[in-house]
Amino acid sequence: MSIYEQFGVRTIINAKGPSTRVSGGFLEAEVSAAMAEAGRHCVDMAELQAAASSVIAGITGAEAGIVTSGAAAGLLLGTAACVAGLDPAQMSRLPDTRGMKDEVIMVRSQRNFYDHAVRAAGVQIIEVGLPDRVSGAGVRDAEAWEISAAITERTAAVVYVATGRSRPVLAEVIRVAHDRGVPVLVDAAAQLPPASNLQHFIALGADLVAFSGGKAIGGPQGSGILCGRRDLIMSAILQNLDLDIEWAQWSPPLGLIDKQRLAGLPPHGIGRTCKVGKETIVGLLVALQRFVASSDARRRLVWLARIERLAAALSTLGNATVVLRDGLLPKLAITLMEGTAMQACVQLQDGDPSVQVDPSEVENGRLLVNPSCLADDEVELLARRIREVIG
Ligand SMILES: *Cc1c(COP(=O)(O)O)cnc(C)c1O
């Protein structure tokens, strides 16, 4: 009996990709073995995060980095770091930001559900720009000068959500923010592949970048990376670690925390709620090393082969058209008869086995299959379920 059967939980066929609602993706055997081994010993958590920082810095080009419990946790910790800096009194007061830098600037068209993590640090989000191109009324969106104009002495950071469509381009945002001494925190949670994005935002000058560990990297579902400037990462980890220790006994690893720079030891910080365990840190690091040791091209070939097999198995589908969309992450687009896509989506989900597809184009009558969280031996079964529901 599988572990999920023991708890009476169905496993699903995940043709949606590594989203949180459907539990991310799979762990490779090497990653789960590393996590199991990590659980058999005890370590000093600050020392483990310092080792993580070296690995993450080596891979991203950032000065420092930590493993977080997700990209959203990275947004909370990163915002808290931009607000409180290295002041233990300010760390201790969060999310009460009265009298402190208590504003974060975001482009209105970049607002999204995850910005709750930013607000949780106690800041108010100041929106700029009118997204005309999103409303359909025009072609423009926020411009760099509007961000500049919104910066005041209360601005803790500019939070930028990186996607291929984000405007203004990040380089311009960094330029105007740095002109005024304001750090830029980039949400790059789902910006992999390409693997080069692990370095890209840092190379552009971003002060902090948050990635999800449970998405393309293939780390534990509840993992992430926050990397960037040494002082900000030091602040972030101080607000995340358990600090139940006397100042005299406390000897944190210098590579991550420079005790000399602190006026005192803050109490547990606002990020203590997003604690990350040793198994998660080790799992993320091993997954990250494996991710960069492979390549976008190799991953694409594996996914493409899977999608081609699925496409072949669906070639006789009468009342739907099946199109392979190539790219770094190839997908299969299945266009159904008008008005039936949501119903098919629900039938797939409620069937046995339950199948989750990517519903982001349901309005256009399309179901998308993302191959990155499919097992090779699930392709035939997936094809059969799709034929049963659609064909
Ligand atoms: C997935 C995602 C997050 C959250 O990442 P977690 O690792 O699940 O916390 C944040 N921002 C964006 C844009 C995302 O796509």
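Numbers in the working numbering are just positions in the sequence shown, counted from 1, shifted up by 81. Each residue gets a CB set at the ideal place from its N, CA and C atoms; glycine is no exception. A quick note: this is a predicted structure, and the numbers were derived from the prediction, not measured.
Query: So, are the CB atoms of GLU224 and PRO264 less than 7 Å apart?; Result: no
Query: What is the DSSP secondary structure of ASN278, counted as helix, strand or coil?; Result: helix
Query: From the DSSP secondary-structure annotation, give me the bridge partner or partners of GLN437.; Result: ASN95
Query: Kindly indicate the opening and closing residues of the alpha helix (DSSP H) around SER104.; Result: No alpha helix (DSSP H) contains SER104, which DSSP labels as neither H nor E.
Query: Taking only three categories from DSSP, how would you classify PHE292?; Result: strand
Query: For GLY368, which option in VAL148, LEU449 and ILE415 has the closest C-alpha, if you only look at C-alpha atoms?; Result: Contrary to the premise, residue 368 reads as Ala rather than Gly in this sequence. Ranking VAL148, LEU449 and ILE415 by Cα distance to ALA368 puts VAL148 first.
Query: Grab me the residues of SER173's own chain with a C-beta within less than 8 Å of its C-beta, minus the 5 sequence neighbours each way, in chain order.; Result: PRO347, PRO348 and GLY350
Query: Return the CA-CA distance between ASP213 and ASP260, expressed in angstroms with no decimal places.; Result: 27 Å
Query: Closer than 8 Å by C-beta to ASP458: which residues in its own chain qualify, once you throw out the five before and the five after it? Chain order, please.; Result: none
Query: My assumption, with CB atoms under 8 Å, is that ALA202 sits in contact with VAL164. Please give the rounded CB distance.; Result: 6 Å
Query: Run through the DSSP bridge pairs and tell me what VAL209 is partnered with.; Result: VAL188
Query: What's the gap between the Cα of ASP433 and the Cα of ILE471?; Result: 15 Å
Query: Helix or strand or just coil, what does DSSP make of ASN407?; Result: In the sequence under discussion, the amino acid at residue 407 is Asp, which differs from the Asn named in the question. In the structure shown, ASP407 sits in coil (DSSP, three-state: anything other than H, G, I, E or B).
Query: Comparing alpha-carbon positions, which option in ASP183, THR141, GLU419 and LEU343 lies nearest ALA284?; Result: THR141
Query: Just checking SER293 against ligand 1 - is the residue's beta carbon closer than 6 Å to any of the ligand's heavy atoms?; Result: yes
Query: Mapping DSSP to helix, strand and coil, what is GLY352?; Result: helix
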